[in-house]
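Okay, structure first, notes after.
Number of protein chains: 2
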Amino acid sequence: MYEDVYGNVISSLAAENDKRIVLLVMDGVGGCDNDGAGTALQQAKTPNMDALAGRSALGQHNPIATGITPGSGPGHLSLFGYDPLVYQVGRGVLSALGIEFPLEKTDVAARLNFCTIDTDGNITDRRAGRIGDDVNKRVLEILRREIKPPAGVEVLFETVAEHRALMVLRGEGLDDDIGDTDPQAVGVPALSPARRPHDKSKTAKIAEEIINQVRKILADEPQANMILARGFAKWPDWPTFPQRYKLNPAAVAGYPMYRGVSRLVGIPVVSQPTTAADICAEAAAAMKEHTFIFAHFKYTDKTGEDGDLPGKIERIEEMDAALPALMKADPDVLIITGDHSTPPSLKAHSWHPVPILMKAPHLRGGGPGRFDEIACRSGEIGTITGKELMPLAMAHAGKLEKFGA
Amino acid sequence: MYEDVYGNVISSLAAENDKRIVLLVMDGVGGCDNDGAGTALQQAKTPNMDALAGRSALGQHNPIATGITPGSGPGHLSLFGYDPLVYQVGRGVLSALGIEFPLEKTDVAARLNFCTIDTDGNITDRRAGRIGDDVNKRVLEILRREIKPPAGVEVLFETVAEHRALMVLRGEGLDDDIGDTDPQAVGVPALSPARRPHDKSKTAKIAEEIINQVRKILADEPQANMILARGFAKWPDWPTFPQRYKLNPAAVAGYPMYRGVSRLVGIPVVSQPTTAADICAEAAAAMKEHTFIFAHFKYTDKTGEDGDLPGKIERIEEMDAALPALMKADPDVLIITGDHSTPPSLKAHSWHPVPILMKAPHLRGGGPGRFDEIACRSGEIGTITGKELMPLAMAHAGKLEKFGA
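So the protein lines, in turn, are chains A and B. The opening residue of the first sequence carries number 0 in numbering that gives the first Met the number 0; numbering runs sequentially from there. The opening residue of the second sequence carries number 0 in numbering that gives the first Met the number 0; numbering runs sequentially from there.
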């Protein structure tokens, strides 16, 4: 993996001051045209954002890189200035973040899929017929009761959803040099977690023993009679957000995934609101004690994923109406953007660039009084990569020293 | 540090011909809006540049990377096509460049700060009360007289300004694996120049001996009674500009820093004018013998640093009026840009992108007849990194071979 030269230079230039930076993430805010009527952002009535746009810098960002559709984890790492191609999180850790499992630094987490195997041990359904949460919970309860943890290890199971669960091995001296057991195919047995041929992991042997026990314990289950484990990973040893930027950060986020990814980079969660009004009020309040606020609004993504264009427009307008409460606290630098686009026409995250609005004291001006994808693409900021947003905000807040004499 | 893949490819494609490239640097030319009246460049009357803009490509560049405010050294390296994140110059060498000290390849240079220490040897003022140039010169004179150079080494001191000075160790076989002695704190003693724990540098021991002598020599000084040394460095062993581009270059630059950074990459200084009229005339004259001219105009930066908006406007207009003398010599490719922005509203270098005008024979056209930050940000060149400018100029001058068959 290449070195994050840019991020390291930014970190070396970071300087503390009292200026406040607010990063307001409207999750999935970008979109596509809808039958010639424009994107949700174009169709929404946003008088407050439009007025702000007239005295802000506009632009757009590719969260990861051109053409790449971001997951929520990498999308947010990018907004936090952590190059997601360098700072890759194991799937096990992402699963733990998604349900806000209190992962400890020495834990090893893996994502589990329940699956169905036949009497020969060959997989017949890699998702166990997509069992519901109720079956998932019932089966995990059996596992918790019956499993005999190998010496020195605690084994924790948590429901995620449907056929998905989380397994955490807790103990001292555990490693994560452990292979996926999912063969990504049916008609064959699960793989061993030992990474052949070198087989050096002590923890892989522990994982193997647990999986063998699970198979016996679940033998009589009609669907979820086996597990497949993927992405064994430990909490990553990265420089924290406060270390990297000399900021005193706070997260205002109502959903587990975003609290989790905040915690991943050392941003403490100070409040868990979900409505736009509460988010803006709580972000404003957090500015008293903190120099950086990450505020997260989920519903622009959720409506996008549901294919609900009118809902997305309404949610954008909800945030616009709430905005004056945040503006009253007068952040020195305010960024409004998303972690990715979620066009209702696609009902999914997408690779489209994400619009950016950045209010800051030292701008060139000349932008239009409108905040949408079309206005943003010819704005002062141009098209950048998501990881460039934090450095730009730091610069505008006077928090970056000069590079070289 | 990562490899400069792009720069190496460009170098491998470079081909010689008779075409002339002129890089006219208006130092610090970019700016911010000034209370709704626009930037200095927007407010200046520049009929010659505007006419040129109508038949040129416009764009903007980030000299180092988004959000990073460039020092003069890295800003110019970028314009010369040397990625400043790869080609990093030690502070000692930058100090030597800034006063145009004739550094030799085997020299080791360090930046000195005079400081004040108490009777226990603890630092009480890291800048010795910011002594004036007169005290600086008087104390250096004492050092020159009293220092007993360690065997085989010559020790040279030069005034920079206020509390800042330059120390150069001259001799054979010197290394620069030497630590900073500035602890970046008061109430503690200066650090040893030996980089513990490995301590392998012969020259660090020499530096230590010199610093110990200095402390004794200056013991009776009221303020400047000790030195702190930073950024020990040797002249970097880089491919020169003529090697890299197969160009026969010349620098036309009136200020020491810019002559120094030209020399750093092997561009000889042929003339030292400071007014716009002289710069344009001398650049035109240099085109007779040279295929690349770097011409440097300082006052657009100086007025910016002074917060003097009318002065900056006037200096831009001065250059505009001088331009026809340069155009008469008909450079094949002419670039007008800056090494960074210096908004009078910030009184300092800034991170804002720098406008570019590039006159060249094979353009797409369609640009506005105006040269300013707003026109440039939607121009043909788009937003590039500073290091991409030289390759673009080389291409337009027909000096780059095709990549691959």
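Using N, Cα and C, we set each Cβ at its ideal position, and we do this for glycine too. It should be emphasised that the depicted structure is a prediction, and the values quoted were computed from it without experimental measurement.
Checklist entry - With a CB to CB cut of under 7 Å and the five nearest residues on each side skipped, what residues in its chain are close to A:THR45? => result Cβ neighbours of A:THR45 beyond the five flanking positions: ILE315, GLU316, ASP319 and PHE370.
Next on the checklist: Whole angstroms are fine: how far does the CA of B:ILE130 sit from the CA of B:THR158?
Outcome noted: For B:THR158 and B:ILE130, the distance between alpha carbons rounds to 12 Å.
Checklist entry - Does DSSP classify A:HIS395 as helix, strand or coil? => result In the structure shown, A:HIS395 adopts helical secondary structure according to DSSP, grouped into three states.
Item to check | chain A within 9 Å of B:ALA164, Cβ atoms only | outcome: Chain A contact via Cβ: absent.
Next on the checklist: On the DSSP letters alone, give me the boundaries of the alpha helix (DSSP H) that B:ARG258 sits inside.
Outcome noted: It spans 255-263 - the alpha helix (DSSP H) in which B:ARG258 sits, taken as one unbroken run.
Next on the checklist: Cβ closer than 9 Å: which chain B residues qualify as neighbours of A:ILE9?
Outcome noted: One finds ALA64, GLY66 and ILE67 in chain B with Cβ atoms closer than 9 Å to the Cβ of A:ILE9, taken in chain order.
Checklist entry - Count the other CB atoms within 10 Å of the CB of B:SER340; is the residue buried (16 or more) or exposed (fewer)? => result With 16 or more Cβ atoms within 10 Å of its Cβ, B:SER340 is classed as buried.
Checklist entry - Quick one: which chain B residues come within Cβ less than 9 Å of A:VAL268? => result Simply none; closest approach about 26 Å.
Checklist entry - At which residues does the beta strand (DSSP E) containing B:ILE116 begin and terminate? => result From DSSP, the beta strand (DSSP E) with B:ILE116 extends over 107-116.
Item to check | Residues, ordered as in the chain, of the stretch 374-398 of chain A that lie near chain D by beta-carbon distance below 7 Å | outcome: Of the protein chains in the structure, A and B, none is chain D.
Next on the checklist: Just verifying my parser: in three-state terms, what is the DSSP assignment at B:ALA328?
Outcome noted: In the three-state reduction of the DSSP assignment, B:ALA328 falls in the coil class, being assigned neither a helical nor a strand state.
Item to check | A:GLY186 versus A:GLY120: straight-line alpha-carbon distance, rounded | outcome: If you draw a straight line from the Cα of A:GLY186 to the Cα of A:GLY120, it is about 9 Å long.
Checklist entry - If you compare alpha carbons, which of A:GLY29, A:ARG214, A:GLY306 and A:THR273 is closest to A:LYS297? => result The shortest Cα separation from A:LYS297 among A:GLY29, A:ARG214, A:GLY306 and A:THR273 belongs to A:THR273.
Checklist entry - Using 9 Å as the limit for Cβ to Cβ distance, is B:VAL434 near chain A? => result With chain B covering only 0 through 404, there is no way to say anything about residue 434 of chain B.
Item to check | Contact between the stretch 185-205 of chain A and the stretch 70-89 of chain A (3+ Cβ pairs under 8 Å) | outcome: No, the stretch 185-205 of chain A does not touch the stretch 70-89 of chain A.
Checklist entry - Run through DSSP, which three-state label would B:GLN242 get? => result Helix at B:GLN242.
Item to check | N- and C-terminal bounds of the beta strand (DSSP E) containing A:GLN408 | outcome: Here chain A has residues from 0 to 404 only, and residue 408 of chain A is not among them.
Checklist entry - From what residue to what residue does the beta strand (DSSP E) around B:LYS301 run? => result Segment 298-304 is the alpha helix (DSSP H) holding B:LYS301; no beta strand (DSSP E) there.
Checklist entry - Hey, quick one: how far does the alpha helix (DSSP H) through B:VAL353 stretch, first residue to last? => result Counting along the chain, no alpha helix (DSSP H) covers B:VAL353; the unbroken beta strand (DSSP E) around it starts and ends at 353-358.
Checklist entry - Counting pairs of beta carbons, one from the stretch 135-144 of chain A and one from the stretch 173-187 of chain A, are three or more of them closer than 8 Å? => result In the pairwise beta carbon analysis, the stretch 135-144 of chain A is classified as not touching the stretch 173-187 of chain A: fewer than three pairs are separated by under 8 Å.
Checklist entry - Hey, does B:TRP350 have any beta-carbon neighbour from chain A nearer than 9 Å? => result Look at B:TRP350: its C-beta is under 9 Å from a C-beta on chain A.
Item to check | Neighbouring residues, chain B, relative to A:LYS215 (Cβ below 8 Å) | outcome: None at all; the shortest Cβ gap to chain B is about 51 Å.
Next on the checklist: Can you tell me where the alpha helix (DSSP H) holding A:ARG376 begins and where it ends?
Outcome noted: Run containing A:ARG376: none; DSSP gives neither H nor E here.
Checklist entry - Using a C-beta to C-beta distance shorter than 8 Å, which residues of chain B count as neighbours of A:HIS361? => result Ordered by position in chain B, the residues that pass the 8 Å Cβ test against A:HIS361 are CYS31, PRO342, SER344, LEU345, SER349 and HIS351.
Checklist entry - In chain A, which residues lie less than 7 Å from B:PRO182 when you measure between Cβ atoms? => result Contact annotation for B:PRO182 against chain A: no contact, minimum CB-CB distance about 18 Å [criterion: below 7 Å].
Checklist entry - Along chain B, in chain order, which residues have C-beta atoms closer than 7 Å to that of A:GLY364? => result Within 7 Å Cβ-Cβ: ASP32.
Next on the checklist: Ignoring anything shorter than 3 residues, give me the beta strand (DSSP E) runs that lie fully in the stretch 28-80 of chain A, in order along the chain.
Outcome noted: Here the runs fully enclosed are 56-61.
Next on the checklist: Can you pull out the residues from the stretch 73-97 of chain B whose beta carbon lies closer than 9 Å to at least one beta carbon of chain A?
Outcome noted: Residues passing the 9 Å Cβ filter: PRO73, GLY74, LEU76, PRO83, LEU84, VAL85, GLN87, VAL88, ARG90, LEU93, SER94, LEU96 and GLY97.
Item to check | Buried/exposed call for A:THR202, threshold 16 Cβ in 10 Å | outcome: Burial is judged here by how many other beta carbons sit within 10 angstroms of a residue's own beta carbon; A:THR202 has at least 16 and is buried.
Item to check | Residue range of the unbroken alpha helix (DSSP H) whose run includes B:GLU454 | outcome: Not covered by the structure: residue 454 of chain B. The range shown for chain B is 0 to 404.
Checklist entry - For A:GLY403, which residues in chain B fall below 9 Å Cβ to Cβ? => result Under the 9 Å cutoff, chain B gives ILE63, PRO69, GLY70, SER71, GLY72, PRO73, GLY74, LEU76, PRO83, GLN87, VAL88, ARG90 and LEU93.
Checklist entry - How close, in whole Å, do the beta carbons of B:LYS233 and B:ASP106 come, if the pair is a contact with beta carbons under 8 Å? => result In this structure, B:LYS233 and B:ASP106 form a Cβ contact; the two beta carbons are roughly 7 Å apart against a cut-off of 8 Å.
Checklist entry - Tell me, which residues are paired with B:SER340 by DSSP? => result Among the bridge pairs identified by DSSP, B:SER340 is matched with B:VAL28 and B:SER349.
Next on the checklist: Using only CA atoms, which one of B:GLY128, B:THR382 and B:ILE334 lies nearest to B:GLN222?
Outcome noted: If we check each option's Cα against that of B:GLN222, B:GLY128 comes out closest.
Item to check | Exposure of B:PHE402, with buried meaning 16 or more beta-carbon neighbours within 10 Å | outcome: Exposed, because fewer than 16 other Cβ atoms sit within 10 Å of the Cβ of B:PHE402.
Checklist entry - Quick one: is B:GLU304 near chain A, going by C-beta distance under 9 Å? => result So no, B:GLU304 is outside the interface.
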